[in-house]
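Peer 1: Below you'll find the structure I mean.
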DNA sequence: CCTTGACCTTCCCATCATGGGAAACCTTAT
DNA sequence: ATAAGGTTTCCCATGATGGGAAGGTCAAGG
C-alpha cells in the first residue's frame with residue numbers, strides 16, 4: 001500500500017510518516033520503480049504503536065525506546081514498567097503544575113469585580129509580583 | 001541600568017528581553033552612545049509583568065493583550081476577567097488531558113508484572129490499539 | 001492515445017519560546 | 001595597558017507538526 005493508505009490506517013499523517021523515517025524512528029520501506037514508498041500491514045502496526053505512544057504523551061525519543069523494547073522479545077517487563085511509571089509521574093507533575101496555575105488565576109479572578117470599573121486585582125498582582133514570589 | 005541588571009531584577013533573561021523587544025512586546029529602551037540598552041525601574045516592572053503572565057501559562061500573544069489592558073487605565077475589569085477565566089478553562093482542560101493520559105498508562109502498568117518476564121500488557125496495548133480506539 | 005484528477009516525491013518555510021554560541025565591541029578595575 | 005566581564009548582533013538549534021510549491025506518476029474514462 002502507498003503512504004496515503006498507511007496514513008489513513010494508522011492515524012499518522014503521511015507527512016509524519018516521512019518525518020519518522022527521516023529521523024530513523026521507523027525503517028525505510030521498499031520503493032516502487034517510481035520511488036513510491038510501499039508499506040506492509042506490519043508497518044501499519046508499527047505506526048499505530050507510535051501513534052499510541054504519542055497519544056499517551058511520550059516524546060519521539062521515548063517512543064524510540066519503547067519501540068526498541070517492543071521489538072526486543074527478551075527484555076524484562078520490569079524495564080517497560082519502570083519507563084512507563086516514570087512517564088506517569090512526569091505527566092502527573094505537569095498536570096499538577098497546570099492545575100496550580102489555573103487555581104492561582106482563578107483565585108485572582110475571584111477578587112476581580114468583572115464589571116465596568118477599571119480596578120482589577122489580576123493585573124495588580126501581575127504588576128506587583130517579584131521574581132522571587134513568582135516562583136512560589 | 002544595563003540589560004543584565006534588568007534581567008536579574010525582573011527574572012527575565014537578557015536573551016528574552018531582547019527577543020520581546022524584537023517582536024514589539026516591549027518598547028525599545030534608550031541606548032548609550034555605545035548602543036547599550038538602558039532600562040529604568042518602570043521597564044523592570046513591565047518585564048516582571050510579562051514574567052508573571054508567562055508563569056501563569058499565558059502565551060506571548062495573550063501577554064501582549066494583557067499588557068495592553070494593563071496600560072489602558074480605562075478598560076473595564078470585566079475584559080480582564082473574561083480573558084483570565086478563558087485561560088483558566090484552557091489550563092484546566094490541558095491538565096485534565098495530561099491526567100487522563102497518566103491514568104490510562106497507570107492502569108496499563110497495573111497489569112504489567114514488572115519482573116524478569118517479557119510479557120507486558122503495556123506494549124501489547126500499544127501494538128493493538130487502533131486509530132479509532134486511540135481517540136477514545 | 002490522451003487528459004484529468006488524485007496521488008506521490010522532495011524541498012523549504014513556519015510555528016512557539018527559549019537557549020547556545022561566535023565575533024566584535026565596550027567598560028571598569030587593576 | 002591589559003584582563004575580565006558585560007554587551008551588541010547574528011545565526012543556529014530545539015520538538016513535533018503543518019503548509020505549500022514544483023514536479024513526477026498512476027488509473028479511469030473519453
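Protein chains in written order, with full-length UniProt numbering: chain A, 1 to 136; chain R, 1 to 136.
The beta-carbon is built from N, C-alpha and C at its ideal position, and this holds for glycine as well.
Any beta carbon of chain R sitting closer than 9 Å to that of residue 114(A)?
Peer 2: Yes, residue 114(A) counts as interfacial toward chain R.
Peer 1: Using a Cβ-Cβ cutoff of less than 7 Å, which residues in the same chain neighbour residue 64(A) once the five nearest sequence positions on both sides are dropped?
Peer 2: 25
Peer 1: Taking the alpha carbon of residue 109(A) as the point to measure from, which residue in 83(R), 41(R), 16(R) has its own alpha carbon closest?
Peer 2: It is 83(R).
Peer 1: Kindly indicate which residue of 75(R), 37(R), 35(R), 7(R) has the alpha-carbon position closest to the one of residue 51(R).
Peer 2: 7(R)
Peer 1: Under a three-way DSSP split, which group does residue 88(R) fall into?
Peer 2: In the structure shown, residue 88(R) sits in a helix (DSSP, three-state: H, G or I).
Peer 1: Listing by chain order, which chain A residues have their CB less than 7 Å from the CB of residue 85(R)?
Peer 2: 109
Peer 1: Could you please give the first and the last residue of the uninterrupted alpha helix (DSSP H) stretch that includes residue 45(A)?
Peer 2: 41-55
Peer 1: Exposed or buried, residue 3(A), counting other C-beta atoms within 10 Å across all chains shown (16 or more means buried)?
Peer 2: buried
Peer 1: What does DSSP give as the partner residue(s) for residue 30(A) in the beta ladder?
Peer 2: 38(A)
Peer 1: Quick check: what's the CA-CA separation for residue 80(R) versus residue 10(R)?
Peer 2: 23 Å
Peer 1: Can you round the beta-carbon distance between residue 130(R) and residue 54(A) to whole angstroms, since I take them to be within the 8 Å contact cut?
Peer 2: With a Cβ gap of about 15 Å, residue 130(R) and residue 54(A) do not count as contacting.
Peer 1: Residue 73(A) and residue 121(R) - do their beta-carbons sit closer together than 9 Å?
Peer 2: The answer is no: Cβ separation not under 9 Å.
Peer 1: Measure from the alpha carbon of residue 20(R) to the alpha carbon of each residue in 104(R), 59(R), 33(R), then state which is nearest.
Peer 2: Nearest C-alpha to residue 20(R): 59(R).
Peer 1: Counting Cβ pairs, one atom from each stretch, are 3 or more of them under 8 Å apart for the region 36-47 of chain R and the region 83-100 of chain A?
Peer 2: no
Peer 1: Terminal residues of the continuous alpha helix (DSSP H) containing residue 3(R)?
Peer 2: 3-10
Peer 1: Can you list the residues of chain A that residue 92(R) reaches, using a CB-CB cut of under 8 Å?
Peer 2: In chain order: 98, 99, 102.
Peer 1: Does DSSP put residue 107(A) in a helix, a strand or coil?
Peer 2: In the three-state reduction of the DSSP assignment, residue 107(A) falls in the helix class.
Peer 1: Does DSSP put residue 71(A) in a helix, a strand or coil?
Peer 2: helix
Peer 1: The alpha helix (DSSP H) that contains residue 128(A), what's its start and end?
Peer 2: 121-128
Peer 1: Residue 32(A) touches chain R at which residues, Cβ-Cβ below 7 Å?
Peer 2: Ordered by position in chain R, no residue passes the 7 Å Cβ test against residue 32(A), which lies about 25 Å from the chain.
Peer 1: With a Cβ-Cβ cutoff of 9 Å, do residue 106(R) and residue 12(A) count as a contact?
Peer 2: no
Peer 1: Can you tell me where the alpha helix (DSSP H) holding residue 14(A) begins and where it ends?
Peer 2: 14-22
Peer 1: Am I right that residue 127(A) and residue 116(R) are in contact with their C-beta atoms under 8 Å? What's the rounded C-beta distance?
Peer 2: Between the beta-carbon of residue 127(A) and that of residue 116(R) there is about 58 Å, and that puts the pair past the 8 Å contact cut.
Peer 1: Does chain A have any CB closer than 9 Å to the CB of residue 129(R)?
Peer 2: yes
Peer 1: Taking any Cβ of chain A, which residues in the UniProt domain "HTH merR-type" (1-69) of chain R have a Cβ under 8 Å from it, in chain order?
Peer 2: 9, 10, 11, 45, 48, 49, 51, 52, 53, 55, 56, 57, 66, 69
Peer 1: Decide if residue 17(A) is buried, meaning its Cβ has at least 16 other Cβ atoms within 10 Å, or exposed.
Peer 2: buried
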